[in-house]
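*Asks:* Heads up: the sequence shown is residues -14 to 110, going by the working numbering.
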Amino acid sequence: MTCASGSTITVATSIAGDVKALLAAAKADGLKLCGGGFRTADAQIAVRKANCGTTYYDIWQKPSSQCSPPTAIPGTSMHERGLAIDFTSCDTRTTACYKWLAANAADFGLQNLPSEPWHWSTNGR
Ligand SMILES: [Zn+2]
């Protein structure tokens, strides 16, 4: 779907309606939220290489908590199911983006992963 900024965000059909409503509600409050949703398996591997390291162990076995920032093992990320969104301009808990999501995202079925202020998904993982 298209964000207020004109960029696009891809999520699973099952949550598209809720995410669209969330973006509209944020826009009504003066916030142009957008971010990255669905990720292919190859894209998840690329993120693991960037955040965790490039060896077989780094990509497939290293605990997510040992990556910077924490990054799910390929095959286990909510992004690969289209059920998570990394919101841009939501890097810390002091941003307007985070504060708005903390107050409103639950109404649209999204929960925050505590270790990543920008990462919101249907189950908080
Ligand atoms: Zn994420």
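By construction, the Cβ of each residue, glycine as well, lies at the ideal position given by its N, Cα and C atoms.
Using 7 Å as the threshold, is the C-beta distance between residue 48 and residue 101 below it?
*Replies:* No; because the gap between Cβ atoms is not below 7 Å, this pair is not in contact.
*Asks:* Any idea which residues DSSP pairs residue 20 with across the strands?
*Replies:* Answer is 72, bridged to residue 20.
*Asks:* Helix, strand or coil: which one does DSSP assign to residue 50?
*Replies:* Residue state, collapsed to three classes: helix.
*Asks:* What is the rounded straight-line gap between the Cα of residue 95 and the Cα of residue 14?
*Replies:* Answer to the nearest angstrom: the Cα atoms are 18 Å apart.
*Asks:* Evaluate contact between the stretch 67 to 80 and the stretch 35 to 42, counting only Cβ atoms and requiring at least three cross-stretch pairs below 8 Å.
*Replies:* Segments in contact, no.
*Asks:* Just to check my reading of the structure: residue -3 and residue 67 have Cβ atoms closer than 8 Å, yes? What is that Cβ distance to the nearest angstrom?
*Replies:* With 8 Å as the limit, residue -3 and residue 67 qualify as a contact, their Cβ atoms being about 3 Å apart.
*Asks:* Output needed for residue 30: all residues of its chain with C-beta closer than 7 Å, excluding positions within five of it in sequence on either side, in chain order.
*Replies:* So the qualifying residues of the chain are 44, 59.
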